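In this note's numbering, the protein residues as written are 23 to 175.
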């Protein structure tokens, strides 16, 4: 029996309370008997949802959970498949963090870097280059990690 991976793309964080999992699995020797899926707070865990039997015809399942159960937590999905020879194997996701909170700016710092148009440094509080602005930032924090920054005029 072999897991051929997930279909679609893998995400590391999301804001919704719907857990969606998709896969592709096959057993070329004896064929698949059935599969089961579970959800937990650790790889191969099932604290959120115990194993539920699903048809081998399916390649995707989803379920919406109460927000208070998943908020600010990392959850993992485990798929366990059984073949007709009585053997089983399992695979767990690398987890997804459920977060609906914006990044914290409590410790954030943004700094304009000097970009003089001559070999001399610009005066304090003066930016000599009118076409380029260089910024440096640090201290932005988010429980689920930061994906990108957006800078606007």
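Where is the CB? At the ideal position from N, CA and C, for every residue including glycine.
Note that the structure is predicted; figures quoted are calculated from it, not measured.
- Put simply, the segment 30-45 touches the segment 82-91. At least three CB pairs are less than 8 Å apart.
- In terms of Cα proximity to residue 164, the closest of 114, 121, 50 and 125 is 125.
- Ranking 112, 137 and 174 by CA distance to the CA of residue 57 puts 112 first.
- Comparing alpha-carbon positions, the option among 129, 130, 90 and 151 lying closest to residue 136 turns out to be 151.
- The beta carbon of residue 64 is closer than 7 Å to those of 98 in its chain, skipping five residues each way along the sequence.
- For residue 89, the enclosing alpha helix (DSSP H) begins and ends at 89-92.
- The beta carbon of residue 75 sits closer than 8 Å to the beta carbons of 56, 57 and 58 from its chain, once the five residues preceding and following it are set aside; these are given in chain order.
- By the criterion of a C-beta distance shorter than 8 Å, residue 154 is surrounded in its chain by 137, once the five residues flanking it on both sides are discounted.
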